[in-house]
Ligand code: PA5
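Residue numbers (our numbering): 284 to 764.
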């Protein structure tokens, strides 16, 4: 038997977006029905302050609210989007060398040193669950695996089995060089590589992405003779996709990083004007700040109907809560993949406590479409229609219903899922996170003491399991059945 055949004409090419570069922020529904955010007094007040916060990010080095450990953490804005093509070609060549010699590439890292890269790769190349199941020819390169972002033994055991007998290479990404999860995952994967390759081969198959002058990873990488790319001092993990280290990950994933940086530069330029109406970062940061501090909203639903943008929605969860969740404040971000979750969380968003705002990530041209052959089926009314059109009807329907139900919404409309567009979105969102933090009592966007607290507690437990008894919990309260 020949197996499944796809009827002619079902998978269709799309015509291309109207503009390949223009991202639209649609904020018509941010407010309650009948009123609009721009009429809100708090909105006007915070919006007036935006040029001052922008100036802080661009020109001020002395303000402690933009510093971490005395360093102004603004390299992602001032420097990273402005790169020479020669530098980018070197990074690409190093990544291609690994892509050529491997069937599987593992990328080790957690938090900001993981999710930004994954979000960009999945948006442009397709979600990994599906692309890893395709042939190398269909995919256009090795399979990609992200490791070190949890300590699940079942997942790690399967991961090793999946790569067994195949040619592998990888990158280990940790700015501090001391984060435990990627360090442990690296120890495990390195042991497997030690079994398979000589020390020399290992040095040509693993690249370390870390600080330029300090940290345990740097020392270990030097001992092993690994090639390195740097995360500069003035850029934190969740702002680091445009560093050499972050770009190396994208190039490992097969992305064109020259076009990516061009998009980030244009995104950055779009934030550098003081006119509210033509500055989506000012607008969005102001709306989020008002929702957080004046309307008592606690949760931003970050929604998409595209599986390839699911990691980008999670990336929003990465950048905003770690940036804003301080001093008892901040907006919790919940990534939502519709319509799957419309049948779950959707109920709460529509009718639960009115603590939500919602941001949609929409795409004008998905690049490929499916024409629904539905003659003679219960859904004949969609026969011949495009799945993208149907998807849009669901997403627009959700937005409208949620707005009517009292959820202020806004949408990004991305023209297509290219390197250029994703980078532009990425850079806009870094600006939004920094500006909305500065506009609220949260203040410093560039520190994460809460994350440091858990890292220290986990480290203490690993080194001395008895420390659990010292955390203040009364250990007699445990129920077992
Ligand atoms: O944004 C951040 O700073 C964090 O999410 C870090 O990226 C994450 O904790 C990993 O840290 P490191 O790169 O030092 O291993």
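From the three backbone atoms N, C-alpha and C, an ideal C-beta is built for every residue, glycine too. Fair warning: this is a prediction, and the values are worked out from it, not measured in the lab.
| Is any heavy atom of the ligand PA5 found at a distance shorter than 6 Å from the C-beta of residue 462? | yes
| message | Using the Cβ count rule (16 or more neighbours within 10 Å means buried), how would you classify residue 519? | response | buried
| task | Measuring alpha carbon to alpha carbon, tell me which of 526, 289, 573 and 334 ends up nearest residue 370. | result | 526
| request: Could you tell me which of 704, 726 and 642 sits nearest to residue 620, measuring between CA atoms? | output: 642
| First through last residue of the alpha helix (DSSP H) which encompasses residue 422 | 419–422
| From what residue to what residue does the alpha helix (DSSP H) around residue 535 run? | 527–535
| query | Which word fits residue 656, buried or exposed, when buried means at least 16 other C-beta atoms lie within 10 angstroms of its C-beta? | reply | exposed
| Closest by C-alpha distance to residue 567, when choosing among 333, 459 and 542 | 333
| said: Helix, strand or coil, according to DSSP, for residue 284 in the structure here? | reply: coil
| task | Output the boundary residues of the alpha helix (DSSP H) element that contains residue 407. | result | 398–408
| message | Just verifying my parser: in three-state terms, what is the DSSP assignment at residue 369? | response | helix
| query | Does the distance from the C-beta atom of residue 401 to that of residue 414 stay below 7 Å? | reply | no
| For residue 518, which of helix, strand or coil comes out of DSSP? | coil
| message | Taking 6 Å as the cut-off, is the beta-carbon of residue 458 closer than that to any non-hydrogen atom of the ligand PA5? | response | yes
| query | Does DSSP put residue 304 in a helix, a strand or coil? | reply | coil
| Cα separation between residue 506 and residue 538? | 30 Å
| query | If you draw a straight line from the C-alpha of residue 376 to the C-alpha of residue 707, how long is it? | reply | 24 Å
| field | Contact check, residue 306 vs residue 697, beta carbons under 7 Å | value | yes
| request: Report the three-state DSSP secondary structure of residue 487 (helix, strand or coil). | output: helix
| request: May I ask you to list the residues that DSSP assigns as paired with residue 619? | output: 586
| request: Following the continuous beta strand (DSSP E) through residue 693, name the residue where it begins and the one where it ends. | output: 692–697
| message | For residue 546 and residue 635, what's the separation of their Cα atoms in angstroms? | response | 38 Å
| message | Let me check you understand the geometry: is the CB of residue 519 closer than 6 Å to at least one non-hydrogen atom of the ligand PA5? | response | yes
| said: Quick check on this structure: which residue in 701, 624, 688 and 542 has the alpha carbon closest to the alpha carbon of residue 650? | reply: 701
| request: Inspect the beta-carbon positions of residue 616 and residue 583 and report whether they are closer than 7 Å. | output: yes
| What number of angstroms, rounded off, separates the C-alpha of residue 470 from the C-alpha of residue 660? | 54 Å
| request: Return helix, strand or coil for residue 434, following the three-state DSSP convention. | output: coil
| query | Any idea if residue 441 is buried or exposed, counting beta-carbon neighbours within 10 angstroms, 16 or more meaning buried? | reply | exposed
| task | Give the straight-line distance between the Cα atoms of residue 308 and residue 610, rounded to the nearest whole angstrom. | result | 29 Å
| said: In this structure, how does DSSP classify residue 715 when only helix, strand and coil are distinguished? | reply: helix
| request: Could you tell me the distance, in whole angstroms, from the CA atom of residue 311 to the CA atom of residue 483? | output: 59 Å
| What residues are listed by DSSP as bridge partners for residue 451? | 387
| For residue 427, which residues does DSSP report across the bridge? | 388
| C-beta atoms of residue 486 and residue 508 nearer than 7 Å | yes
| Is the Cβ-Cβ distance between residue 350 and residue 551 less than 7 Å? | no
| query | Between which two residues does the alpha helix (DSSP H) containing residue 738 stretch? | reply | 732–746
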